Amino acid sequence: MVQRRPVQVYEVRDDPPGARTDVVPPEVVHEVKSLTPAPEAHARPKALYRQLLPGIIQLPADWIIAWGRKNSLWPLTFGLACCAIEMIATYMARHDLDRFGIIPWPSPRQCDVMIVSGTVTKKMAPAVKLLYEQMPNPKWVISMGACATNGGPYTRYDRVLQGVDKIIPVDVYVPGCPPRPEALMDAFLALQKKIMEERGQVGR
-8 MVQRRPVQVY EVRDDPPGAR TDVVPPEVVH EVKSLTPAPE AHARPKALYR QLLPGIIQLP
52 ADWIIAWGRK NSLWPLTFGL ACCAIEMIAT YMARHDLDRF GIIPWPSPRQ CDVMIVSGTV
112 TKKMAPAVKL LYEQMPNPKW VISMGACATN GGPYTRYDRV LQGVDKIIPV DVYVPGCPPR
172 PEALMDAFLA LQKKIMEERG QVGR
C-alpha cells in the first residue's frame, strides 16, 4: 500500500525585520508562492463549472447527440438475395462491426438503419416500405449491391423494381455484384460521416 504523508499547512506573512524566520522553512515558502497564481488586473472570472471541474469540455448538444448516434447504429438486416451472404460475412469475427458500435437488430421498432441487400421485386416492395415506416426517426437506408440500386442483371424484368430508392429514400449506395464486406464497412463509415454533417435535424 502507498503511504500518504500528512499535509502541513504553513501561514506565509510578511514579518518585520528581525523576526524569527525559522518557523517556516524557506523551501516551503518558495513552493507556496510558486503554486499560488498572481491575480491579473483585468482577468475575466471563470465560469462556475470550470471552477468546479477544470477538465470539462464544452461542446454543442447537437454534436454530442450526433456523435452518440453514429457510434451506436442498429441496422435492420433485410436480405433478399445473394448480397445478403456478403452482409452476413461482414458481421463475422474477421471484420467485426461491433467495434464500430454497429449491432444488428431483428425489430424495426428499435433500428435506425436499414440495409437492403438483394433484388427488390414489386411483390416485396410493400413489405420493405412498411418496415421502413415502422422505424423511428432519425433513420437511414443503405442500398447494398447492384440489384438493390438499379435492378442489376434483372433490370429488364417487369416484376423487378428499378432500385429501392423508388419507394424509400436511400442515403448510401454500395456498388458491386455482390459487393465485398469491406465495401459495406466503407458504407457505414460514409454514413457515420453523413450523420455528423446532418446534426441538428429533427427527422427525415
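Residue numbers (the numbering used here): -8 to 195.
Where is the CB? At the ideal position from N, CA and C, for every residue including glycine.
Small disclaimer: the values here were computed from a predicted structure and weren't measured.
In the DSSP assignment, find the unbroken alpha helix (DSSP H) run with Y82 in it and report its ends.
Residue 82 sits at position 91 when you count from the first residue of the sequence shown. Boundaries for Y82: no alpha helix (DSSP H) harbours it, and the DSSP string shows neither H nor E there.
Please state whether DSSP places V23 in a helix, a strand or coil.
For the purposes of this step, residue 23 is taken as residue 32 along the sequence shown, with counting starting at 1. Any answer about V23 is weak, because its pLDDT of 48 lies below 50 and its placement is not dependable; what the coordinates show is given next. Correct three-state label for V23: helix.
Quick one: residues in its chain with C-beta nearer than 6 Å to the C-beta of I186, no 5 flanking neighbours on either side, listed in chain order?
Here residue 186 refers to the residue found at position 195 when the sequence shown is read from its first residue. Same-chain partners within the cutoff: A57, R60, K61.
Going by C-alpha distance, which of A181, E189, R171 is nearest Y82?
Within the sequence shown, numbered from 1, the residue matching residue 82 stands at position 91. Among A181, E189, R171, the Cα nearest to that of Y82 belongs to R171.
When the Cα of A178 is compared with those of D162, E189, C168, E188, which residue comes out closest?
Counted from its first residue, the sequence shown places residue 178 at position 187. Among D162, E189, C168, E188, the Cα nearest to that of A178 belongs to D162.
Cβ of G136 within 8 Å of Cβ of V165?
Looking up residue 136 in the sequence shown gives position 145. Looking up residue 165 in the sequence shown gives position 174. Judged by their CB atoms, G136 and V165 are nearer to each other than the 8 Å cut-off.
Here's a check: name, in chain order, each residue in its chain whose Cβ is nearer than 8 Å to the Cβ of L175, leaving out the five neighbours to either side.
Here residue 175 is taken as the residue at index 184 of the sequence shown, counted from 1. Within the same chain, L175 has close Cβ partners E77, M78, T81, I106, I133, M135, V165.
Where K113 and S63 are concerned, what is the direct C-alpha to C-alpha distance, given to the nearest angstrom?
Reading the sequence shown from its first residue, position 122 is the one you call residue 113. Reading the sequence shown from its first residue, position 72 is the one you call residue 63. Cα-Cα distance, rounded: 32 Å.
Identify every run of the beta strand (DSSP E) within the region 61 to 108, keeping only runs that are complete inside it and at least 3 residues long; order them along the chain.
The region 61 to 108 contains these whole beta strand (DSSP E) runs: 66 to 70, 104 to 108.
Following the continuous beta strand (DSSP E) through V161, name the residue where it begins and the one where it ends.
Walking along the sequence shown from the start, residue 161 turns up at place 170. From DSSP, V161 is part of no beta strand (DSSP E); its letter is neither H nor E.
So, do the region 90 to 97 and the region 121 to 128 have three or more beta carbon pairs nearer to each other than 8 Å?
Not touching, per the Cβ criterion.
Thinking C-alpha only, which one of L50, I55, L71 is nearest T140?
Against the sequence shown, residue 140 aligns to sequence position 149. Ranking L50, I55, L71 by Cα distance to T140 puts L71 first.
Checking 8 Å against the spacing of the C-beta atoms, do A75 and G109 come in under that value?
As a position in the sequence shown, residue 75 is number 84, starting the count at 1. As a position in the sequence shown, residue 109 is number 118, starting the count at 1. In terms of Cβ geometry, A75 and G109 form a close pair [threshold 8 Å].
What three-state label does DSSP hand V132 in the structure shown?
To locate residue 132, count along the sequence shown from 1; it is residue 141. In the structure shown, V132 sits in a strand (DSSP, three-state: E or B).
Proximity winner among E173, R150, W65, Q183, relative to V100 (alpha-carbon distances)
Reading the sequence shown from its first residue, position 109 is the one you call residue 100. According to the sequence shown, residue 100 is Arg rather than Val. Looking at the Cα atoms, W65 is the closest of the given residues.
Can you check whether the CB of Y145 is closer than 8 Å to the CB of C138?
Against the sequence shown, residue 138 aligns to sequence position 147. Against the sequence shown, residue 145 aligns to sequence position 154. Result yes, Cβ atoms of C138 and Y145 sit closer than 8 Å.
Three-state secondary structure assigned by DSSP to V119:
To locate residue 119, count along the sequence shown from 1; it is residue 128. In the structure shown, V119 falls within a helical segment according to DSSP collapsed to helix, strand and coil.
Report the option in P51, A52, D103 whose CA atom is closest to the CA atom of F69.
Translated into the one-based positions of the sequence shown, residue 69 becomes position 78. In this structure, D103 is the residue among P51, A52, D103 with its C-alpha nearest to the C-alpha of F69.
Kindly indicate the opening and closing residues of the alpha helix (DSSP H) around K185.
For the purposes of this step, residue 185 is taken as residue 194 along the sequence shown, with counting starting at 1. If you look at K185, you'll find it in the alpha helix (DSSP H) that goes 172 to 188.
Measuring only the C-alpha atoms, how far is V155 from E189?
Here the question's residue 155 lines up with position 164 in the sequence shown. Here the question's residue 189 lines up with position 198 in the sequence shown. In a straight line, the C-alpha of V155 is about 22 Å away from that of E189.
Short check: CB of K120 to CB of I158, under 8 Å?
Taking the first residue of the sequence shown as 1, we reach residue 120 at position 129. Taking the first residue of the sequence shown as 1, we reach residue 158 at position 167. Contact flag set, yes.
Span of the alpha helix (DSSP H) around C168:
One-based indexing of the sequence shown puts residue 168 at position 177. Run containing C168: none; DSSP gives neither H nor E here.
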